[in-house]
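**Q** Chains A and B are the protein sequences, given in the same order.
Reminder that position 24 of the first sequence reads as 265 in the numbering used here, one-by-one numbering, no gaps.
Reminder that position 79 of the second sequence reads as 1022 in the numbering used here, one-by-one numbering, no gaps.
A virtual CB, placed ideally from N, CA and C, is assigned to each residue, including glycine.
Submitted below is the structure of interest, expressed as structure tokens.
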Amino acid sequence: MLEINNLNVHFGVIHALKGISLTVNDGEIVTLIGANGAGKTTTLRTISGLKKPTSGDIILNGENITGMSAQQRVNKGISHAPEGRRVFPAMTVLENLEMGAYLRKDKPEIARDLKMVYDLFPVLSDRQKQPAGTLSGGEQQMLAIGRALMSRPKILLLDEPSMGLAPLLVQEIFNIIRGVNKAGTTVLLVEQNAMMALQIAHRAYVMETGSIVLHGTGEELLQSDQVKKAYLGG
Amino acid sequence: MEQLIQQIINGISLGSIYALIALGYTMVYGIIKLINFAHCDIYMIGAYIGYVCMSKLGLGFLPSLLASMLFCTVLGITIERIAYRPLRNATRIAALITAIGVSLFLEYTTMFFASANVRTYPSMTGFMAKTYKIGDIVISTQQILIAVITVILMVLLQVIVKKTKIGKAMRAVSMDKDAAELMGINVDTTISFTFALGSALAGAAGILVGIYYNSINPLMGVLPGLKAFVAAVFGGIGIIPGAMLGGYVIGIIEVFVSGYGYSMYRDAVVFAILILILIVRPAGLLGKNTGEKV
Ligand SMILES: Nc1ncnc2c1ncn2[C@@H]1O[C@H](COP(=O)(O)OP(=O)(O)O)[C@@H](O)[C@H]1O
Ligand SMILES: [Mg+2]
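Pasting the structure below:
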């Protein structure tokens, strides 16, 4: 599905991604974990086209999309729920979800996906007419995920969906991610909550200061001493 | 009482002009955080296009209005494309200085082609010259036209911004550019469209001023531009209904100050209001106080 080869990204003199490579296969949940500042967000932003890499390739279903605009990538099936939710605060919940389907023209299908999102997050349905800025953090995260689903993506990029949420909500969000994946969407999940992420992921990559230092199945990394020590608190 | 109503009617005419100009300032600020100093000159050029259409080409008012709006639309898009887009990631001060440069360029180019002399719109005849009396209150066709056209344009603007896809994209980009891009919105196109809308409204304001006050000149945009900017800040910069409200309030205040014999102070009063708002309510009447503004 998605393949990243030897990707380098700079912010001025800062070398944020140092030649990383990773693969996400069709139907998988792959997680990218690592400490703050490791380069996880930059990786996702480069995949979705918000940040231009200095070198390296991004391949989606065999097609090189490295030079494409963010807009073209949405059309190709990449959807990105960014770090910090980034919902449109002055728009209603419904308008936010409609923005997610911005490039689509198939009205009946959009209506069907809207219903799917409301079924997934009933609280959003109750709050359709409410400005997104007035939602709680958890509800905004649900909206950000719902909005990302409205483009009917092939691959969903999620950046720290559990950030700042109460444990019960975190559990709920992770259940939903698993459900979305079961329903057929491939997921690349960035998390600082390594424990939770590794539990639902098929495979995982560990990032440190711009490089990938470890990868394996979720199960393997949960057992790995290195990961236990650095990310799982012992 | 009748004098009061008369003043309000006159104030609405002037306020309509300020509101139309203020909308352009506020929309552009909302989307790229730039105070577009050249905006007042687009209004001036709108007045000149109206003049050419009505005086030289002998066109009627409505076709001239459309021509003026269309010309300004193209001008606004062109200015954004050539002058501002290359500076999208530059510092705000660089963009601001560029805007001042564009403003001077438009003023002196107009002087070059049309001379610095005042031009006068053709005097209105027939229906356009009519006035209506209700008791002691006088209202002219021009005043009615200004008020009605302004309201129509504002309603259209609201429909575009609230209901159309590109309008929603405008709102999305002004709230969060990155998130908008992730929706598949083309940010550049959306910014161009914002300039187009603002410039069309400024063009309309230009020709309306032409038929109302008759005389135009290449520097006519400067003072109304500043006042419209005050109106935008007054209502809350970046907020569309705020610019509308601010325009009317500033127009009515100005007319009152002049009407009650303090005509010399009318500009001073407007700027005193600006200073007052910046101290008391920096986010403007309809804005939320979030710290950083202007
Ligand atoms: N806009 C930016 N400008 C400059 N440096 C940045 C920017 N964004 C990220 N960085 C740097 O890139 C590195 C990786 O950051 P990021 O991808 O946000 O990490 P993570 O998401 O893993 O916490 C950090 O050193 C950070 O300081
Ligand atoms: Mg991050």
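Does any residue of chain B bring its CB to less than 9 angstroms from the CB of methionine 340/A?
**A** Yes, contact with chain B.
**Q** Measure from the C-beta of histidine 321/A to each C-beta in chain B and report whether the shortest distance is under 9 angstroms.
**A** Yes - at least one Cβ of chain B is within 9 angstroms of the one on histidine 321/A.
**Q** Measuring only from the beta carbon, is valine 447/A closer than 8 angstroms to any heavy atom that is part of ligand 1?
**A** No, since every heavy atom of ligand 1 falls outside the 8 angstroms radius drawn around the Cβ of valine 447/A.
**Q** For ligand 1, any of its heavy atoms closer than 8 angstroms to the Cβ of glycine 1189/B?
**A** For ligand 1, not one heavy atom lies less than 8 angstroms from the Cβ of glycine 1189/B.
**Q** Quick one: is the Cβ of glycine 290/A within less than 8 angstroms of any heavy atom of ligand 1?
**A** No, the beta carbon of glycine 290/A sits no closer than 8 angstroms to any heavy atom of ligand 1.
**Q** Can you tell me the Cα-Cα spacing of isoleucine 948/B and isoleucine 1082/B, whole angstroms?
**A** Taking the straight line joining both Cα atoms gives about 11 angstroms.
**Q** Answer with buried or exposed for alanine 1122/B, where buried requires no fewer than 16 other C-beta atoms within 10 angstroms of its C-beta.
**A** Counting Cβ neighbours within 10 Å, alanine 1122/B comes out buried, since at least 16 surround it.
**Q** In chain order, what residues of the same chain have a beta carbon less than 6 angstroms from the beta carbon of lysine 356/A, not counting five sequence neighbours either side?
**A** Taken in chain order, the list of residues that qualify is empty.
**Q** Keeping to the same chain, check which residues put their C-beta closer than 6 angstroms to that of alanine 1267/B; ignore five residues upstream and five downstream.
**A** Outside the displayed range of chain B (944 to 1237) lies residue 1267/B, so it cannot be described from this structure.
**Q** Using the beta-carbon count (16 or more within 10 Å), is leucine 397/A buried or exposed?
**A** The residue in question, leucine 397/A, is buried, as its Cβ has 16 or more Cβ neighbours within 10 Å.
**Q** I'd like the ranges of any beta strand (DSSP E) spanning at least 3 consecutive residues and lying wholly in the region 1016-1097 of chain B.
**A** Listed in chain order, the complete beta strand (DSSP E) runs (minimum 3 residues) inside the region 1016-1097 of chain B are 1074-1077, 1080-1083.
**Q** If you follow the alpha helix (DSSP H) that alanine 1211/B is part of, which residue opens it and which one closes it?
**A** It spans 1209-1223 - the alpha helix (DSSP H) in which alanine 1211/B sits, taken as one unbroken run.
**Q** I need the straight-line Cα distance from glycine 1110/B to aspartate 1079/B, nearest angstrom please.
**A** Approximately 44 angstroms, taken between the alpha carbons.
**Q** Run the CB neighbour count on glutamine 412/A, radius 10 Å, all protein chains shown included, and call it buried at 16 or more, exposed below.
**A** The residue is exposed, with fewer than 16 neighbouring Cβ atoms inside 10 Å.
**Q** Hey, how far is the Cα of valine 328/A from the Cα of tyrosine 994/B?
**A** About 46 angstroms.
**Q** Measuring from the CB of glutamate 324/A, is there a heavy atom of ligand 1 at a distance below 8 angstroms?
**A** It does: the Cβ of glutamate 324/A is within 8 angstroms (strictly closer) of some heavy atom of ligand 1.
**Q** If you draw a straight line from the alpha carbon of lysine 1236/B to that of threonine 1074/B, how long is it in whole angstroms?
**A** Legend: pLDDT at lysine 1236/B = 34, less than 50; position of this residue unreliable, value from coordinates given subsequently. Roughly 43 angstroms between the two C-alpha positions.
**Q** Within the present structure, is the beta-carbon of glutamine 450/A separated from the nearest heavy atom of ligand 2 by less than 8 angstroms?
**A** The sequence given here places threonine at residue 450/A; glutamine does not occur at that position. Checking every heavy atom of ligand 2 against the Cβ of threonine 450/A, none is found closer than 8 angstroms.
**Q** Hey, lysine 259/A and asparagine 246/A are a contact pair by Cβ (cut 8 angstroms); roughly how many whole angstroms apart?
**A** Wrong, their Cβ atoms sit about 13 angstroms apart, outside the cutoff.
**Q** Taking only heavy atoms of ligand 2 into account, decide whether any of them is closer than 8 angstroms to the Cβ of asparagine 434/A.
**A** Incorrect: asparagine 434/A has no Cβ contact closer than 8 angstroms to ligand 2.
**Q** Given glycine 457/A, which residues of its chain have a CB within under 8 angstroms of its CB, disregarding the five upstream and five downstream residues?
**A** Answer for glycine 457/A: Arg444, Ala445, Ser465, listed in chain order.
**Q** Let's see if you can read the secondary structure: which residues bound the beta strand (DSSP E) around methionine 309/A?
**A** From DSSP, methionine 309/A is part of no beta strand (DSSP E); its letter is neither H nor E.
**Q** Go to asparagine 249/A, then tell me how far its beta strand (DSSP E) extends in each direction, as first and last residue.
**A** Looking at the DSSP string, the run of the beta strand (DSSP E) that includes asparagine 249/A is 243-252.
**Q** Starting from aspartate 1210/B, find everything on chain A with Cβ-Cβ shorter than 7 angstroms and list it in chain order.
**A** Correct list: empty, because the minimum Cβ distance to chain A is about 34 angstroms.
**Q** Contact criterion: CB-CB distance below 9 angstroms. Does arginine 1024/B meet it with respect to chain A?
**A** With 9 angstroms as the cut-off, arginine 1024/B does not count as an interface residue toward chain A.
**Q** How long is the line joining the alpha carbons of glycine 1234/B and leucine 1221/B, rounded to whole angstroms?
**A** Low confidence applies here, because glycine 1234/B scores a pLDDT of 42, under 50, leaving its location unreliable; read the following figure in that light. Rounded to whole angstroms, glycine 1234/B to leucine 1221/B spans 11 angstroms at the Cα level.
**Q** Within the 9 angstroms Cβ cut-off, does arginine 1028/B reach chain A?
**A** Output row for arginine 1028/B: interface = no.
**Q** Quick one: grab the DSSP three-state call for alanine 1175/B.
**A** Looking at alanine 1175/B - three-state DSSP - the assignment turns out to be helix.
**Q** To the nearest angstrom, how far is it from the Cα of phenylalanine 1138/B to the Cα of methionine 970/B?
**A** The straight-line gap from Cα to Cα measures roughly 8 angstroms.
**Q** Leucine 439/A and isoleucine 274/A - do their beta-carbons sit closer together than 9 angstroms?
**A** Contact flag set, yes.
**Q** If we define contact as Cβ-Cβ less than 9 angstroms, is valine 421/A a contact residue for chain B?
**A** It does not: the Cβ of valine 421/A has no partner Cβ on chain B nearer than 9 angstroms.
**Q** First and last residue of the alpha helix (DSSP H) that includes aspartate 400/A?
**A** From DSSP, aspartate 400/A is part of no alpha helix (DSSP H) but of the beta strand (DSSP E) over 396-400.
**Q** Can you grab the Cα-Cα spacing for the pair cysteine 1015/B / glutamine 369/A, in whole Å?
**A** Cysteine 1015/B and glutamine 369/A: Cα-Cα distance of roughly 39 angstroms.
**Q** Just curious, the beta strand (DSSP E) that lysine 469/A is in, first and last residue?
**A** It is not in any beta strand (DSSP E) - lysine 469/A instead sits in the alpha helix (DSSP H) that spans 466-472.
**Q** May I ask which residues mark the beginning and end of the alpha helix (DSSP H) holding leucine 954/B?
**A** Reading off the sequence, residue 954/B comes out as glycine, not leucine. 945-975 is the span of the alpha helix (DSSP H), which, as asked, contains glycine 954/B.
**Q** Please confirm whether any heavy atom of ligand 2 lies closer than 8 angstroms to the CB of threonine 282/A.
**A** Checking every heavy atom of ligand 2 against the Cβ of threonine 282/A, one is found closer than 8 angstroms.
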